[in-house]
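Before any comments, here is the structure.
Number of protein chains: 2
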Amino acid sequence: MLDRINRVRAQMRQADVSAFLVTALPHLRYLFGFTGSNGLGLITSDLCFFVTDWRYRDQAQAEVRHAEILIVYRDLLAALKEKKILPDGCRLGFEAQHLNFRLFAQLQKNFEKIKFISTEHFIEKIAIPKSPSEIASLRQAGAMACAVWDQLLPCIHPGVAESDLAAEIIYRSRKLGSEIEPFDPIVASGPRSALPHGRSTSRRLQAGDFVVIDYGCVVDGYASDVTRTIAVGEPPAKLRQAYFAVKEACRLACEAARPGMEGMQLDQTARQYLESCGFKEQFSHSLGHGLGLDVHSLPRLGPESKDVIPANAVITIEPGVYFPELGGVRLEDDLLVTATGNEVLTPMARDLFVVE
Amino acid sequence: MLDRINRVRAQMRQADVSAFLVTALPHLRYLFGFTGSNGLGLITSDLCFFVTDWRYRDQAQAEVRHAEILIVYRDLLAALKEKKILPDGCRLGFEAQHLNFRLFAQLQKNFEKIKFISTEHFIEKIAIPKSPSEIASLRQAGAMACAVWDQLLPCIHPGVAESDLAAEIIYRSRKLGSEIEPFDPIVASGPRSALPHGRSTSRRLQAGDFVVIDYGCVVDGYASDVTRTIAVGEPPAKLRQAYFAVKEACRLACEAARPGMEGMQLDQTARQYLESCGFKEQFSHSLGHGLGLDVHSLPRLGPESKDVIPANAVITIEPGVYFPELGGVRLEDDLLVTATGNEVLTPMARDLFVVE
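Chains as they are written, first to last, in the numbering used here: chain A, 1294 to 1649; chain B, 1294 to 1649.
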């Protein structure tokens, strides 16, 4: 983790900030090893501080490395102020997306004479290429999602409720060792499968439904994120056609992914194919995203993304086609980008599975 | 919900703001009925707007009432700017805790000539007294947590892992109809039970352990939040003594709770008793908190809280005693404060349950 902090320091020099405030929980875990739910990190060119409240005293002492630990009763900033580590006029970087206005106002009040530098994706950028131990966790999270799928398949039949399948996904994931759900499982059937972000409801599966099932597992904080779509009985011809188009788009993108590509370039491999099938309007979201301690992280893989995909990035490939009120199809796998190409971390069949 | 929006408007007049920006997801659900995960609301003295992105188009149209719905591809603020509803110089209120700096900076850029008024707990205050339908949901969420406990008890025995019990809690909650977990269940055994916020691990229960189990269910977005502590085999005398002190503190607070009390006054009923038992240092957190769409909401029930508890508030009572490295005890129930006293929404026995 010292290596990660040193990468933050290198980026601080580039951005001309002399200190950086770490506020997002996944970043506190990434940089300091802390898995609790309240804390702040402060990195300077030669010092590191980690502040949390008394509830996490023992946990911080057990987990946090490479930082001086400060325990407070309530006010995290007071502890930093007391340390006098931020000289007047110094430039303090922070992540705009992960600092709420309340904390910002408190910072301004406590540190009147320092200059606040708003940044975006500062830590996320550093975290894109994964270390061997991170890759091991991501590989395990991918394998776990595959094992969950094998156990889930026999549970899928006409009459079962979406919410029952969500319960099975979570239960089996946890029993297999997943720490938590990276997001609430999506189980969207029939017309609801046309909602890219439909949660599960009490709706029961019935003949003619397509069912989009999107979930993930978490190992050591690292997430997998997979989607499969299954048919209940004979699907409408339009959905069947969409299924095979999405399957081929997924295959093409997985075949193409290699280091050095821009996000938009990879997105195009799937998008152009779906357009050629007549599904331009129906593929309405990005091809995928980076995976890490945050389930939606960099690099972005959308039609406008210039993010470059480096070796050792882990990404999702998730093309989808949606027809409002009829239904939708999405397939999603996780890839580790290697020096020469990629390795699929979620090796599950993409054949159309029809349950009767 | 129009009634809720009108209460926001009354509070806007008091705070002298002519428009209010709603950013927190539970507040968007409370005021507009929206259950998706991206959106903004804007309330003026006579208009309401709800903005979300294209992914939630159908959902917003199905769910949102009393507001003009604006669907955007990406930039939520652009839609509001286009509507020209914020005249130069107008005072726009927002919740400091629920607005990240990124959105704040975008607001400043898009609306150069308006005045931003930072507020705290603006919507939460309005949401403290619950309506009959909210109470019905909270009552159901409480009953569901009790039903989960009945099913969980037979699963608790020496050798079972904390994480297996967490899996059972979630599975049974979902099968009983809980929408989601209000927070990841806490199952903390042995020395880990001394951590007020210990998550579940692979640690297996063994003789001599105290096990703190803290979880909740969600109905229509409304949460319950209960805690029980059980003993595995014969517990150390100190923990047994702490158990009965916490049980009595819980009973005293539940007996005392009535409308018009200040949070600190109710906190004192339990705190004084635990102090009289010699556990002053060991009861290191607040007595409880309000329950609603957010599991931790107003009124605060801590030693410094001047929040007044009105009739129809729903609160938790959760005294605890913790001995680092040895273990801890916490008991928690949910109360509906009525016109004359209160009603326990989680009527589960508080007897010490010893599993062998």
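Cβ atoms here follow ideal geometry from the backbone N, Cα and C, with glycine treated the same way.
{"Query": "Gly-1620(B) - partner residues in DSSP beta bridges", "Result": "Phe-1616(B)"}
{"Query": "Chain B residues whose Cβ lies nearer than 7 Å to that of Leu-1593(A)", "Result": "Before going on, a small fix: residue 1593(A) reads as Arg here, not Leu. Correct list: empty, because the minimum Cβ distance to chain B is about 12 Å."}
{"Query": "Buried/exposed call for His-1450(A), threshold 16 Cβ in 10 Å", "Result": "exposed"}
{"Query": "Of the listed residues Glu-1649(B), Pro-1475(B) and Asp-1507(B), nearest to Leu-1586(B) (C-alpha basis)", "Result": "Pro-1475(B)"}
{"Query": "Extent of the continuous alpha helix (DSSP H) to which Ala-1546(A) belongs", "Result": "1530-1549"}
{"Query": "Min CB distance Leu-1445(B) to chain A below 8 Å", "Result": "no"}
{"Query": "Check whether Ala-1542(A) and Pro-1612(A) have beta carbons under 8 Å apart", "Result": "yes"}
{"Query": "Within-8 Å CB hit, Ser-1424(A) to chain B", "Result": "no"}
{"Query": "Which of helix, strand or coil DSSP assigns to Arg-1297(B)", "Result": "helix"}
{"Query": "Proximity of Leu-1638(A) and Leu-1431(A) at Cβ, strictly below 8 Å", "Result": "yes"}
{"Query": "Under 9 Å by beta carbon: chain A residues contacting Asn-1403(B)", "Result": "Going along chain A, no residue has its Cβ under 9 Å from Asn-1403(B), so there is no contact; the nearest lies around 15 Å."}
{"Query": "Test: Arg-1467(A) CB closer than 8 Å to a CB of chain B", "Result": "yes"}
{"Query": "Presumed contact (8 Å Cβ cut-off) between Tyr-1536(A) and Leu-1645(A), rounded CB distance", "Result": "5 Å"}
{"Query": "In DSSP terms, what Thr-1412(A) is bridged to", "Result": "Glu-1388(A)"}
{"Query": "Per-residue DSSP class, three states only, for Glu-1636(B)", "Result": "strand"}
{"Query": "Endpoints, beta strand (DSSP E) assigned at Ser-1590(B)", "Result": "1590-1594"}
{"Query": "Residue-level contact to chain B via CB, Ala-1398(A), 8 Å cutoff", "Result": "yes"}
{"Query": "Close Cβ partners of Ala-1298(A) (< 7 Å) along its chain, the five nearest in sequence each way excluded", "Result": "Before going on, a small fix: residue 1298(A) reads as Ile here, not Ala. Cβ neighbours of Ile-1298(A) beyond the five flanking positions: Leu-1324, Ile-1336, Cys-1341 and His-1359."}
{"Query": "Any chain B beta carbon closer than 8 Å to His-1450(A)", "Result": "no"}
{"Query": "Beta-carbon neighbours of Asp-1309(B), restricted to chain A and to distances below 7 Å", "Result": "Within chain A, no residue comes near Asp-1309(B); the closest Cβ sits about 19 Å away, beyond 7 Å."}
{"Query": "Backbone CA spacing between Leu-1455(B) and Tyr-1508(A) [nearest angstrom]", "Result": "Contrary to the premise, residue 1455(B) reads as Glu rather than Leu in this sequence. The alpha-carbon atoms of Glu-1455(B) and Tyr-1508(A) are separated by roughly 23 Å."}
{"Query": "Closer than 7 Å: Ala-1312(B) CB and nearest the ligand ATP heavy atom", "Result": "Of ligands this structure carries none, so the ligand ATP is not represented either."}
{"Query": "Chain A contact residues for Gly-1334(B), given Cβ-Cβ distances below 8 Å", "Result": "Result: empty, since nearest Cβ-Cβ is about 17 Å, beyond 8 Å."}
{"Query": "Beta carbon of Leu-1628(A) nearer than 8 Å to that of Val-1607(A)", "Result": "yes"}
{"Query": "Proximal chain B residues relative to Trp-1442(A), where beta-carbon distance stays under 9 Å", "Result": "The contacting residues do not exist; Trp-1442(A) stays about 17 Å from chain B at best."}
{"Query": "Anticipated Cβ contact below 8 Å, Thr-1412(B) with Phe-1387(B), distance rounded", "Result": "7 Å"}
{"Query": "From Gln-1390(A), His-1391(A) and Gly-1382(A), residue whose alpha carbon lies closest to that of Phe-1404(A)", "Result": "Gly-1382(A)"}
{"Query": "Lys-1406(B), buried or exposed, once every other Cβ within 10 Å from all chains shown has been counted against 16", "Result": "exposed"}
{"Query": "Residues that Phe-1343(B) bridges to, as DSSP identifies them", "Result": "Gly-1334(B) and Ile-1362(B)"}
{"Query": "Cβ-Cβ distance between Gly-1595(B) and Leu-1584(B) below 8 Å", "Result": "no"}
{"Query": "Coil, strand or helix - Arg-1643(A) by DSSP", "Result": "coil"}
{"Query": "Outcome for Ala-1353(B) when other beta-carbon atoms lying within 10 angstroms are tallied against a minimum of 16", "Result": "buried"}
{"Query": "Reference Ala-1440(A); option with closest CA among Glu-1461(A), Lys-1423(A) and Ser-1424(A)", "Result": "Glu-1461(A)"}
{"Query": "Proximity test, Cβ basis, 8 Å: Leu-1392(B) and chain A", "Result": "yes"}
{"Query": "Separation of Val-1588(B) from Ala-1516(B), as counted between CA atoms", "Result": "6 Å"}
{"Query": "Positions along the segment 1459-1488 of chain B whose CB lies within less than 7 Å of some CB in chain A", "Result": "Ala-1459, Ala-1460, Ile-1463, Tyr-1464, Arg-1467, Lys-1468, Ile-1473, Asp-1477 and Leu-1488"}
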